[in-house]
Structure formats: structure tokens, C-alpha cells
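*Asks:*
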Amino acid sequence: MALREIFKFGDDILRKKCREVTAFDEKLWQLLDDMVETLQAADGVGLAAPQVGILRRAIVIDVRDGNGALELINPVITEITGVQVGNEGCLSDPGEWCEVERPQTVKAKAFDRNGKEIEVEGSGLLARAICHEVDHLDGILFIDRVKKDLAKRS
Ligand code: CO
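What the sequence shown shows, in my numbering, is residues 41 to 194, in sequence order.
1) As an exercise, report each continuous alpha helix (DSSP H) stretch of at least 4 residues that is fully enclosed by the region 47 to 84, in chain order.
2) Taking the beta carbon of Asn154 as the centre, do at least 16 other beta carbons fall within 10 Å, making it buried, or is it exposed?
3) Are the beta-carbon atoms of Cys138 and Ile183 separated by less than 8 Å?
4) If you draw a straight line from the C-alpha of Val160 to the C-alpha of Asp51, how long is it?
5) If you pair each beta-carbon of the region 140 to 150 with each one of the region 65 to 75, do three or more pairs fall below 8 Å?
6) Val61 to Gln91, Cα distance in whole Å?
7) The beta strand (DSSP E) spanning Ala150 covers which residue range?
8) Provide the residue(s) that pair with Leu165 in DSSP beta bridges, ordered along the chain.
9) Based on the DSSP output, what are the partners of Arg96 in its beta bridges?
10) So is Asp175 buried or exposed if we call it buried at 16+ other beta carbons inside 10 Å?
11) Looking at Leu131 and the ligand MG, is the gap between the Cβ and the nearest heavy atom below 7 Å?
12) Is the distance from the Cβ of Arg168 to the Cβ of Glu128 below 8 Å?
13) On the DSSP bridge assignment, give the partners of Asn107 in chain order.
14) Is the beta carbon of Val103 less than 8 Å from the beta carbon of Leu177?
15) I'd like to know whether the C-beta atoms of Arg18 and Cys58 end up nearer to each other than 8 Å.
16) Looking at Thr78: is its Cβ nearer than 8 Å to the Cβ of Leu43?
Quick look at the structure:
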């Protein structure tokens, strides 16, 4: 495992649309292992492959609920319910926190690292993280969805 560099806002790579993962092989597993390590080292909640320079549809999420990191390959949000408004940040934009509206509950289908189809359901922080990370796969950043900027800009 190895830490990967996290690309920051302003880098074009964060605005690109990612392609689906088609090979569930050792290269993917290495990427996922590195992403989880990078996420945890940065004390973040979620990380998407384009943030480490890989334009593939893979995300990792760790809401520190004791269940470890969640790996979602080719994730698709299938159902959203309710609304939550809260502060949100991004490892590609350290120190910036903005108020973003997201669904309260999200259902998604995806594949695990072995190519097996899985379904996840999350509410609160997990729902927020799934939406935020899936957005990254389409080049969408949380600042695009800001309702109100709570951060102080100098
Ligand atoms: Co982000």
C-alpha cells in the first residue's frame, strides 16, 4: 500500500468524467488499497479515484462507524429520500467548508472489488458522502452545489 497524491481544486482532472471500471484485477485492488490508506491518513470521509488522478468510477468512503471503509465500483444512485442541509468539505479543497443540501437517505447499487453486485443504503453522513463522491466521478465538485458559503475567504 502507498499514499497517493491528492489533486486539488483548480486541477483539470477533477472536472473530467470518469470511465467505468471493466477489470476487477490486482491493479484495481492496489488502487482501492491506496485510496483507503490515503483517505484514512488524511482523516477524510470519502475519496474518489479522480482525486488521485485516476479517471475511473471508483470511490471509497469511511464514516468511522466501525464497519471499515466502503468500496464502491461503478456506483449508481438508485433512490433518494428527504433532504439534509449541512457543512461539507473535500480533501481536494482543504480547510473550506460550505453548506450543501443533499438527500437524507440514498440507495445505490455498485460492484465490490471482486465484481460482485452490491447494494448500499445510507442516511445522514453516509448519504452525503455517497452523493459527494459519485459527483466527483462526473467532474462535479461540492462548491457547484453550495447554498451558502460559510467559510471565511480572505
Ligand atoms: Co471531494
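Just so you know, even glycine gets a beta-carbon here, dropped at the ideal spot from N, CA and C. These numbers were taken from a predicted model, which means no experiment stands behind them.
*Replies:* A quick look at the data gives this:
1) Listed in chain order, the complete alpha helix (DSSP H) runs (minimum 4 residues) inside the region 47 to 84 are 66 to 81.
2) With fewer than 16 other Cβ atoms within 10 Å, it is exposed.
3) Yes, the pair counts as a contact, with Cβ atoms nearer than the cut-off.
4) Cα to Cα, Val160 sits roughly 31 Å from Asp51.
5) Contact fails: fewer than three Cβ-Cβ distances are below 8 Å.
6) Straight-line Cα distance between these residues: approximately 16 Å.
7) Start and end: 145 to 151.
8) By DSSP's assignment, Leu165 forms no beta bridge with any residue.
9) Answer is Arg59, bridged to Arg96.
10) The residue in question, Asp175, is buried, as its Cβ has 16 or more Cβ neighbours within 10 Å.
11) Looking for the ligand MG in the displayed structure turns up nothing; the ligands present are the ligand CO.
12) With respect to Glu128, Arg168 sits close: the two C-beta atoms are nearer than 8 Å.
13) Per DSSP, none; premise fails for Asn107.
14) At the C-beta level, Val103 and Leu177 stay beyond 8 Å of one another.
15) Summary: the structure shown does not reach residue 18, with the chain confined to residues 41 through 194, and so no result is reported for it.
16) In this structure, Leu43 lies closer than 8 Å to Thr78 by Cβ.
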